[in-house]
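Read top to bottom, the protein sequences are chains P and C.
Heads up, the first sequence is in the working numbering, so the first residue is 50 and it goes up one at a time.
Heads up, the second sequence is in the working numbering, so the first residue is 3 and it goes up one at a time.
Quick reminder that beta carbons are idealized off the backbone N, C-alpha and C, glycines included.
Inspection log for the structure reproduced underneath, given as structure tokens.
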Amino acid sequence: MARFKTFKDIAKYREKLNKERDSEATAVRVCMTGCRAKGADAFSESLKAELKKRGLENKFKVIETGCHGFCSMSPVAVVEPGNIFYGNLKPEDAAEIVEETVVNGRTVERLLFADPATQEKIVKEKEIPFYSHQKRLVLKNCGVVDPREIDDYICRGGYAAFSKALETMKPEEVVEEILKSGLRGRGGAGFPTGLKWRFANKERSDKKFLVCNADEGDPGAFMDRAVLEGDPHAVLEGMLIGAYAIGSDEGYIYVRAEYPIAIAHLNIALKQMEELGLLGRNILGTKFSFDLHIKEGAGAFVCGEETALMASIEGKRGTPRVRPPFPIQSGLWGHPTCINNVETLANVAAIIENGSDWYASMGTEKSKGTKVFALAGMIRNTGLVEAPMGMTLREIIFEVGGGIPNGKKFKAALTGGPSGGCIPEQFLDLPIDYDSLAKVGAIMGSGGLIIMDESTCVVDIAKYFMTFTQSESCGKCVPCRMGTKRMLELLERITDGKGTMKDLALLEETADIVKDTSLCGLGQTAPNPVITTLKYFRDEYLAHIEQKKCPSLKCKALLTYTVAEDKCKKCHKCAESCPANAISGQKKEIHKIDQAKCVKCGMCHTVCPFDAIELS
Amino acid sequence: MSTSALTEIIERYRGKPGSLIPALQKAQAQMGYLSGETLEQISKGLGIPFSRVFGVATFYSQFYLSPRGKHTIKVCVGTACHVRGAGAALQALEEKLGVKAGNPTEDLSFQLETVACLGTCFLAPAIMIDKDYYGEQTPKTVGKILKKYIGGGADAGTPDPEE
Numbered sequence: 050m051a052r053f054k055t056f057k058d059i060a061k062y063r064e065k066l067n068k069e070r071d072s073e074a075t076a077v078r079v080c081m082t083g084c085r086a087k088g089a090d091a092f093s094e095s096l097k098a099e100l101k102k103r104g105l106e107n108k109f110k111v112i113e114t115g116c117h118g119f120c121s122m123s124p125v126a127v128v129e130p131g132n133i134f135y136g137n138l139k140p141e142d143a144a145e146i147v148e149e150t151v152v153n154g155r156t157v158e159r160l161l162f163a164d165p166a167t168q169e170k171i172v173k174e175k176e177i178p179f180y181s182h183q184k185r186l187v188l189k190n191c192g193v194v195d196p197r198e199i200d201d202y203i204c205r206g207g208y209a210a211f212s213k214a215l216e217t218m219k220p221e222e223v224v225e226e227i228l229k230s231g232l233r234g235r236g237g238a239g240f241p242t243g244l245k246w247r248f249a250n251k252e253r254s255d256k257k258f259l260v261c262n263a264d265e266g267d268p269g270a271f272m273d274r275a276v277l278e279g280d281p282h283a284v285l286e287g288m289l290i291g292a293y294a295i296g297s298d299e300g301y302i303y304v305r306a307e308y309p310i311a312i313a314h315l316n317i318a319l320k321q322m323e324e325l326g327l328l329g330r331n332i333l334g335t336k337f338s339f340d341l342h343i344k345e346g347a348g349a350f351v352c353g354e355e356t357a358l359m360a361s362i363e364g365k366r367g368t369p370r371v372r373p374p375f376p377i378q379s380g381l382w383g384h385p386t387c388i389n390n391v392e393t394l395a396n397v398a399a400i401i402e403n404g405s406d407w408y409a410s411m412g413t414e415k416s417k418g419t420k421v422f423a424l425a426g427m428i429r430n431t432g433l434v435e436a437p438m439g440m441t442l443r444e445i446i447f448e449v450g451g452g453i454p455n456g457k458k459f460k461a462a463l464t465g466g467p468s469g470g471c472i473p474e475q476f477l478d479l480p481i482d483y484d485s486l487a488k489v490g491a492i493m494g495s496g497g498l499i500i501m502d503e504s505t506c507v508v509d510i511a512k513y514f515m516t517f518t519q520s521e522s523c524g525k526c527v528p529c530r531m532g533t534k535r536m537l538e539l540l541e542r543i544t545d546g547k548g549t550m551k552d553l554a555l556l557e558e559t560a561d562i563v564k565d566t567s568l569c570g571l572g573q574t575a576p577n578p579v580i581t582t583l584k585y586f587r588d589e590y591l592a593h594i595e596q597k598k599c600p601s602l603k604c605k606a607l608l609t610y611t612v613a614e615d616k617c618k619k620c621h622k623c624a625e626s627c628p629a630n631a632i633s634g635q636k637k638e639i640h641k642i643d644q645a646k647c648v649k650c651g652m653c654h655t656v657c658p659f660d661a662i663e664l665s
Numbered sequence: 003m004s005t006s007a008l009t010e011i012i013e014r015y016r017g018k019p020g021s022l023i024p025a026l027q028k029a030q031a032q033m034g035y036l037s038g039e040t041l042e043q044i045s046k047g048l049g050i051p052f053s054r055v056f057g058v059a060t061f062y063s064q065f066y067l068s069p070r071g072k073h074t075i076k077v078c079v080g081t082a083c084h085v086r087g088a089g090a091a092l093q094a095l096e097e098k099l100g101v102k103a104g105n106p107t108e109d110l111s112f113q114l115e116t117v118a119c120l121g122t123c124f125l126a127p128a129i130m131i132d133k134d135y136y137g138e139q140t141p142k143t144v145g146k147i148l149k150k151y152i153g154g155g156a157d158a159g160t161p162d163p164e165e
């Protein structure tokens, strides 16, 4: 492998690679990250074996890529040229794909995506509605390159932006370019990245750190994972440019230990960068030096908060501290430390390469560029979606996401995970950006977007998130430690049918106190799901309290279980499972539930093979 | 753990800033959990007060201070799994295994855990046994999957070496 000593070396190397590689050659791009959970590795092996069997392994390439985004079609693969998209693949499909598509250039109809409305088959990946409405900037290489091959990244223009910054721009000019682009922190709070870099650049210190926050912990958010697994060099190039801009010579990537593939791909990437001379002393023959370390988290949600994250890197309990001093002033071991999120850094190279005007032309007045969302919950097309800022919730849910399955009705969308809020139907046409979401009481957050349909109980959701934040509260400050616990108890009383109007008032008061007085973002935002559900779905809380009813039939204690006589096949399974002996009747008899004895555990409903236990 | 393996880990991290967490991670990867004795040796070896070592080991959910079951079952209770019925699958597993989440079974054959998100929302509700994912779980399907692992049958998943 070459070692880059000058700026020209990178361009020359790219030129050489592009000459060697035939862009028209047939290749199958198989997702080997998220799709592994549904057997992508077995499919890929089978595909490779099939090509080998026919002696075609050198002629046709199998590229094992990162996430393609369309997770509900998992495992997926795309055949190039032709952009033919196949989904729900099984190892036994490999032979047919090789015979029909790779050798004969025909499509395999049965593996194509079918439009759910018209049942019409769609051949090309880019013409599937899930993709055609997206604007893929951060994800442009995800699902295209082999993330373990730095050459793939360089071929597609990788490290050109870094080379440009180092050769033609002063650090201050890089900072101004990012500032002008309008890029804001994608970790959730939306602080202008250029401003943060300017503060860091102006700090006078012989040691500065740059940290990439890859401690993605919101349940239901997986975009940082996809970028790290599918295109690690995009983040690393952003870090090199950032380090140059702020004058840092050492960096950390703090990544969740729960992301083993991301860690593996990062390790490979760092090794390749070192070999090529993109890390270490005097990079590209300049005075710029940069060393990078990977730090694995150890399982604590609060470590996504920047001061807690630094404590964890220093080997301490990951508890936050009061700011100021801000990390920019005094961070890791007392040195100025600039902390940026994965997705933020993945935007940087494109801005430097194409200019701030290009970037600022996308998005809304105060939120520029795109945002990657992890779309999940009661939605047809679960997956990763990159949308320009300002796209409406309706477009994301119904056009990209394909709408709500099973004929159910949309109820609410939840952004920002446990720190965010529930957005009801009336705001479906809201153009999504940092400010519009804040206005309705939610937050952009890191990009988790959970869709709920009419079968979801919002009080149960509020309780769910409070359970999460309560258990993840680090315990350092009283409002968060005690407040989340008390709020959880109040929500449990309400979902158990024991709630009173006084409890509701106390819940609202406690929510305000926790929000206003907690030490860090975890506590300050923990009441958001409660506050927004109370604001938009107060009726449902009242139904739980006043009528002791759960309108969505989710809160078990408020349900009545009865046997539907016309469905009961007299199998006796319900009676056997009942822990309270509340079900009478022998085999070959219609069973009956004694409401006085029933403890509402739901076991009968679970075990009945004939759906004969009805809820009301 | 053999003393030499632990000594090696301690030697590797001695005097390096921020090395307590990686040292604990490596020690646990060697022996499956962190005994009081291991923690004491790390404390002495790295010159970090025992109270701080214990504080860190109990703060992070990744560290275990008692022996664990052979197969680790992680039930995802993330938001997407929650709205699609993870609670019922978890309840069924707890009943079948006779333990509450967070504990090993009596015979140490299984460790039942919940996790806030496996990041596989398209499989919701999802569970993970050792390194294998199982999607769209219901109380009925979890029973079938458990049978694959009981008695260490031929098709049982391999134990996770990192656990």
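Return the chain-ordered list of same chain residues with a C-beta closer than 6 Å to the C-beta of residue i, the five sequence neighbours on each side being excluded.
i: P:Cys569; result: Glu354 and Pro369
i: P:Val397; result: Gly287 and Ile290
i: P:Phe271; result: Ala423
i: P:Thr356; result: Pro369 and Arg370
i: P:Asp552; result: Leu539 and Arg542
Could you spell out the range, first to last residue, of the alpha helix (DSSP H) harbouring residue i?
i: C:Gln27; result: Leu22 to Met33
i: C:His73; result: Per DSSP, C:His73 belongs to no alpha helix (DSSP H); it is in the beta strand (DSSP E), His73 to Cys78.
i: P:Ile594; result: Arg587 to Glu595
i: C:Tyr15; result: Thr5 to Tyr15
i: C:Gln93; result: Ala88 to Leu99
i: P:Ala528; result: The sequence shown places Pro at residue 528 of chain P, rather than the Ala named in the question. That run of the alpha helix (DSSP H) goes Val527 to Thr544.
i: C:Gly57; result: Phe52 to Phe61
i: P:His314; result: Pro309 to Leu325
i: P:Asp273; result: Met272 to Gly279
i: P:Phe514; result: Val507 to Glu521
i: P:Val397; result: Val391 to Asn403
i: P:Lys61; result: Phe56 to Glu69
Within a Cβ cutoff of 8 Å, which residues of the same chain sit near residue i, ignoring the five residues on either side of it in sequence?
i: C:Pro141; result: Ala90, Ala91, Gln93 and Ala94
i: P:Leu277; result: Ala263, Val284, Val304, Tyr308, Ala311, His314, Leu315 and Val391
i: C:Ala29; result: Met3, Leu8, Ile11, Leu36, Thr40 and Ile44
Could you spell out where the beta strand (DSSP E) holding residue i opens and where it closes?
i: P:Tyr180; result: P:Tyr180 -> not in any beta strand (DSSP E); alpha helix (DSSP H) instead, spanning Pro178 to Ser181.
i: P:Phe659; result: From DSSP, P:Phe659 is part of no beta strand (DSSP E); its letter is neither H nor E.
i: P:Ile499; result: Gly497 to Asp502
i: P:Ala425; result: Thr419 to Gly426
i: P:Ile343; result: Asp340 to Glu345
Using C-beta distances below 7 Å, list every residue in its chain close to residue i, excluding the 5 sequence neighbours before and after it, in chain order.
i: P:Gly651; result: Lys605
i: P:Glu663; result: Thr611 and Ala613
i: P:Phe350; result: Gly266 and Glu521
i: P:Arg197; result: His314 and Ile317
i: P:His282; result: Ile199, Tyr202, Gly207 and Ala318
For a contact defined as C-beta to C-beta under 7 Å, what are the partners of residue i on chain P?
i: C:Tyr196; result: Because chain C in this structure spans residues 3 to 165, residue 196 of chain C falls outside the shown range and cannot be described.
List the residues of chain P that residue i touches, going by C-beta distances under 8 Å, in chain order.
i: C:Pro106; result: Result: empty, since nearest Cβ-Cβ is about 18 Å, beyond 8 Å.
Heavy atom of the ligand NAP less than 8 Å from the Cβ of residue i, yes or no?
i: P:Ala166; result: The ligand NAP is absent from the structure shown, which contains no ligands of any kind.
Give me the chain C residues within the contact set of residue i, using Cβ-Cβ distance strictly less than 7 Å, ordered along the chain.
i: P:Glu362; result: Note on identity: in this sequence residue 362 of chain P is Ile, with Glu being the wrong assignment. The contacting residues are Gly20.
i: P:Gly348; result: Tyr62, Ser63 and Gln64
i: P:Ala306; result: Gln64
Give the residues from the segment 93-124 of chain P that approach chain C closer than 8 Å (Cβ to any Cβ), ordered along the chain. Cys120, Ser121 and Ser123
To be precise: take each residue of the segment 20-41 of chain C, compare its Cβ to all Cβ atoms of chain P, and keep it if any distance is under 8 Å. Which residues remain? Gly20, Ser21, Leu22, Ile23, Pro24, Leu26 and Gln27
Give a yes or no on contact between the segment 233-244 of chain P and the segment 314-331 of chain P, applying the rule of three or more CB pairs nearer than 8 Å. no
Within 7 Å of chain P by C-beta, residues of the segment 67-89 of chain C in sequence order: Gly80, Thr81, Ala82, His84 and Val85
Pairing CB atoms from the segment 82-100 of chain P with CB atoms from the segment 112-128 of chain P, are three or more of them under 8 Å? yes
Meets three-Cβ-pair contact criterion under 8 Å: the segment 357-365 of chain P and the segment 38-46 of chain C: no
Between the segment 254-261 of chain P and the segment 288-297 of chain P, do three or more beta carbon pairs fall short of 8 Å? yes
Pull out every residue of the segment 499-521 of chain P whose Cβ sits closer than 9 Å to any Cβ of chain C, in chain order. Ile499, Ile500, Met501, Asp502, Ser504, Thr505, Asp509, Ile510, Tyr513, Phe514, Thr516, Phe517, Ser520 and Glu521
Segment contact, 8 Å Cβ cut-off, at least three pairs: the segment 79-88 of chain C with the segment 126-134 of chain C: yes
Do the segment 179-199 of chain P and the segment 216-225 of chain P make contact, defined as three or more Cβ pairs closer than 8 Å? By the C-beta criterion, the segment 179-199 of chain P is judged not to be in contact with the segment 216-225 of chain P, since fewer than 3 inter-stretch pairs fall below 8 Å.
Between the segment 108-126 of chain C and chain P, which residues of the former have a C-beta closer than 9 Å to a C-beta of the latter? Val117, Ala118, Cys119, Leu120, Gly121, Thr122, Cys123, Phe124, Leu125 and Ala126
Anything in the segment 47-68 of chain C with a Cβ closer than 7 Å to a Cβ of chain P? List those residues in chain order, please. Gly57, Val58, Phe61, Tyr62, Ser63, Gln64 and Phe65
May I ask you to list, following chain order, the residues of the segment 417-441 of chain P that have a beta carbon less than 8 Å from some beta carbon of chain C? Ala423, Ala425, Gly426, Met427, Thr431 and Gly432
Does the segment 492-501 of chain P come close enough to the segment 554-563 of chain P that 3 or more CB-CB pairs lie under 8 Å? no
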